[in-house]
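See structure below.
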Amino acid sequence: MTFNPTTGPETFLLSSDKPVRRRIALVLRTGLTGLTFLTLVATGGALAAFWGLTRDLTPIVTEALPALASANEMMRLVKTIDADARRLPNLEGDFAIETVRGQIETLTVALRATLDTLGEPRLPSPERVALEGIITQMEGTLHRLTALILERSQADAKLARRTQALVELRAQISAAAQGKGDGSAAQQAWTLMEASGLMLAALSSPDPRQIVDLSRAYGRQMDALAALTDAPLGHDEELLRDRTLGRLDALSDVFGLRLERQRLDVRIQGALRRLVVMDRLVQAVDEIAQALTRSSLDRATVLEQRLARLTQVMVWISVLALLSAAALLFFVNRRVVARMVSLQRGMHSHVVGDPLPLSTKGDDEVAAMAASFLHFVREVRAREARLEAQRQDLDQTMNELSDAYGVISSSIQYASSIQRAILPDETTLHRCFPEVFVIWEPRDVVAGDIYWCRPWGDGVLLLLGDCTGHGVPGAFMTLIANGAFHGAILEAPPGDPAALLARMHQLIQGVLIRDRAAAEGAPRLSAVDDGMEAGACFLNPDAGVMIFAGARFSLFVQDGETVEEIAGNRHGLGYRKVPHDATFTNVRLPISTSAWYILSTDGLIDQVGGERRRAFGKRRLREVLAGLDSLPPEARKAVILEALRAHQGDEMRRDDVSLIGFKGYGEALVADESWALTLDDALLTGVREIDEDHLKLFELVNRVGVVLARNDTERLARLISDLASYTHWHFRHEERLMQVHDYPGSAQHKREHDLLIQQTTALQARLASGDEHATDGLMDFLADWLRLHIQVMDKALGEYLLAFEAEKNDPAPSARETGRTGETQ
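Written out as structure tokens, the structure is:
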């Protein structure tokens, strides 16, 4: 089947050049376009209608409903004002009246504020003016009513005070009239009693006419009392009469006050009748609320009718869309799905190997698909035949590769066995260290990590190395390192791991780089830049001392929960950039029988793991070691491996992992300070290498003295052998220095060395023969010989070496160089 660009986008050609028309696609495209158009029309119409409804609904929500709420609030305020106004006549006391008046004023202010919220057109201007007039009339009425009630309350207070005063005055008059008999004084007292009684009757009378009559009767009584005043009285009686008359005269306004109180009641009743304005206000507010409600209902009715018409239109559009979708579905089922199911069955029959005939009649897409599938089947069968031939060739190649892999794998496995044979076995380790554990896990079958353990001098040497690379390259590097170790162990002084590492560096560098000149900066003959890192521990149980030296290696000392890291030098072994004569530093540590000493390669420390993919790190290693207190060796090994695997998780192992831990042991042989040899300032030569060798000799001699004091024959023989070995190495060291620097006194110096070696050899022979007097005077001999030899021979050598170095570093030319320069000129 091929595409024919000349027939246009609606047709394509089968392999028989028969054009295929895209009828199904056209029908589906037309139907889906129609459905899409109907959907868009319906959606657009619905959105427009709903937008119009929302636009018309907004005034109802934002105007009508708030106006209706304001009208209801006005009705509530008017009813509250009316209730408070009806309470006013029944109140007593100025405070209660003032309180209610303040509430009415507050409600009136709120009523006006609510009225202000009803603007045009919700409340027409005439209705607003009328309502404001009613409110103003209500305010005036309530103001007059409140003022009258306050005035009445004040009048009641005055009348109450007058009543109390009259009652007290009558009691005093009654008391004064007692025992006066029938004389003029008694008559005057009874006249005063009658006058005060008329006042009390006026205070309690509700009839204004009666009050006027009582006032007139009071005047007649006072005239009668004036007629009785001409009668002679005693001084006290006359004074009492005048005082009583004065008080009675002060209270004579009760008749006027009582009449004024009656007039206030009448005015209050009139004001209450004028409160009919409240009913008018209630009616006006109610009419406003009803008008607003009718307006809101009318708008809602209009919106409801519009929504009903919109619903009918949407229903008709939905019915039309459903009919179109049903017609399209019928076409798809009839012309597409049924034929596609038949085509699928035919395809499946070809797949399972029982092919059914496929119909390719017609010129539409389904017929083209059937024809394409048949063409595809033919192509697949042809390709399967070609693939089968290729598979046979591949099987033959895989068999050859499998044979080659088997040879290589067996070779690597055999190399692993050889490499493991180089490592110390458990018997050797436990013979050197009572408590020890080893973790040695190659990343691949063979590893680039190696370690050695062996007796050395008067102690034990343990060295762990990490060569460049891992797998096969790293394993080859361990072979070079192993050769360098066994060569250096023969040349380095026993008990000096720093010298051992220095010599191993020279041997490894000599193998990896063609000659020393290339290592010092001359053009290199090889681009190899490999090497190793190593940590060496020399443990001397007799001396209670351990010496550590590291080449980019650290020693961890764990004592209880305390973990200390002792770092070595920062350069490795064998690398091009490390000078050929590079030296390393010995770190002397007192052996602690409670401490564990750990050497670890960077495979453990650099292993990536955890959620953040960070390295295991030295800090985590110290934390793990701190938690190993009181655990046996195998348990320590298990805890460290578990911590590594937990941190590593699903990460791939990055490097070989090696770790050796051992516990300190041994008892120090300490010399008695009264006779022990000390290397004081008078015995220093100024040459660091020679002074360090002398310090080691002094320690060995002091330990010989301790063993002599203990009469330990077996240990003495071993110490004498160690002393002889180290002395021989030291003499060779000094002789090399004399030869290199062309020392003029080298012959005499060497004779002194040979003489001491002969005497030491004779001493060893006597000890071996069991001569009990072989060690008589030995310590005095050794002390005298060392002091004399150092002060005479070695200090002269030291002065010469220091002068030689000073002349070498002096920039001014020597006499010989100056002479040569003159001859040349």
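The sequence shown begins at 17 in my numbering and counts up one residue at a time.
Where a beta carbon is used, it is the ideal one built from N, C-alpha and C, also for glycine.
Residue i (DSSP reduced to helix, strand or coil)
i    : result
I120 : helix
S221 : coil
P606 : strand
M668 : coil
Y865 : The structure shown has nothing for residue 865, since the chain only spans 17 to 841.
K811 : helix
Q755 : helix
F600 : coil
D98  : helix
I773 : helix
F632 : coil
Y613 : strand
K766 : helix
S741 : helix
I676 : strand
V624 : strand
P829 : Low local confidence applies: a pLDDT of 49 at P829 is under 50, so the model's placement there is unreliable, and no value is given.
H789 : coil
N106 : helix
V703 : coil
A337 : helix
Y681 : coil
S646 : coil
T157 : helix
Reference residue i; option with closest CA among the options
i    : options                : result
A112 : T162, Q360, A559       : T162
A589 : S169, L175, G551       : The sequence shown places Leu at residue 589, rather than the Ala named in the question. The shortest Cα separation from L589 among S169, L175, G551 belongs to G551.
L84  : L139, A181, G156       : L139
G499 : V488, L439, V461       : L439
L637 : R628, E320, I656, V624 : I656
L123 : E148, E404, K95, A146  : K95
L182 : M90, S141, G262, R734  : G262
G481 : D474, W468, Q306       : W468
L164 : L127, R128, E143, D110 : D110
A173 : L615, R279, R274, G566 : R274
V393 : G369, Q321, V382       : G369
D618 : V352, A242, I676, R225 : I676
E303 : N88, K811, R586, L802  : N88
Buried versus exposed call for residue i [16 or more other C-beta atoms within 10 Å across all chains shown]
i    : result
I607 : buried
W5   : Since the displayed the chain opens at 17 and closes at 841, residue 5 lies outside it and no answer follows.
H446 : exposed
F9   : In the structure as shown, the chain begins at 17 and stops at 841. Residue 9 is therefore absent and cannot be evaluated.
N556 : buried
D239 : exposed
A535 : With a pLDDT of 44 at A535, under the threshold of 50, the modelled position of this residue cannot be trusted; read the value that follows with caution. Per the 10 Å Cβ criterion, buried.
A687 : Summary for A687: the model assigns pLDDT 44, below 50, so the residue's position carries little reliability; its value from the coordinates is reported in the next sentence. Buried, because 16 or more other Cβ atoms sit within 10 Å of the Cβ of A687.
S542 : Note that S542 has pLDDT 48, beneath the 50 cutoff, so the model's placement of it is unreliable and no number is given.
S610 : exposed
V282 : exposed
S400 : The sequence given here has Glu at residue 400, not Ser. The residue is exposed, with fewer than 16 neighbouring Cβ atoms inside 10 Å.
W67  : exposed
E750 : buried
N710 : Reading the sequence as shown, one finds His at residue 710 and not Asn. Result: buried.
K824 : exposed
D531 : Residue confidence is low: D531 scores 44 on pLDDT, short of 50, so the model does not pin down where it sits. Its coordinate-derived value is still stated next. The residue in question, D531, is exposed, as its Cβ has fewer than 16 Cβ neighbours within 10 Å.
Nearest-angstrom Cβ-Cβ length linking residue i and residue j, presumed shorter than 8 Å
i    : j    : result
M809 : H765 : 5 Å
S212 : F271 : Actually they do not touch by this definition, with Cβ atoms about 13 Å apart.
S334 : G47  : No, S334 and G47 are not in contact; Cβ-Cβ is about 17 Å, not under 8 Å.
F678 : L660 : That belief does not hold up - the Cβ atoms of F678 and L660 are roughly 19 Å apart, past 8 Å.
S737 : Q780 : 7 Å
L620 : V717 : 42 Å between Cβ atoms; not a contact.
D474 : L783 : Going by Cβ atoms, the distance from D474 to L783 rounds to 16 Å, so no, they are not a contact pair.
T701 : L813 : 7 Å
Y742 : P509 : 6 Å
A431 : V462 : 5 Å
L615 : C553 : 7 Å
Can you give, in chain order, each stretch of the beta strand (DSSP E) that sits fully within the segment 256-334 and has at least 3 residues? none
If we require 3 or more residues per run, which beta strand (DSSP E) segments fall completely within the segment 403-482? 452-457, 465-472
What are the complete beta strand (DSSP E) segments, minimum 3 residues, inside the segment 533-592? If one requires a minimum length of 3 residues, the beta strand (DSSP E) runs lying completely within the segment 533-592 are 548-556, 561-567, 570-575, 578-583, in chain order.
Please give the ranges of any beta strand (DSSP E) in the segment 59-88, keeping only runs that are unbroken, at least 3 residues long and fully inside the region. none
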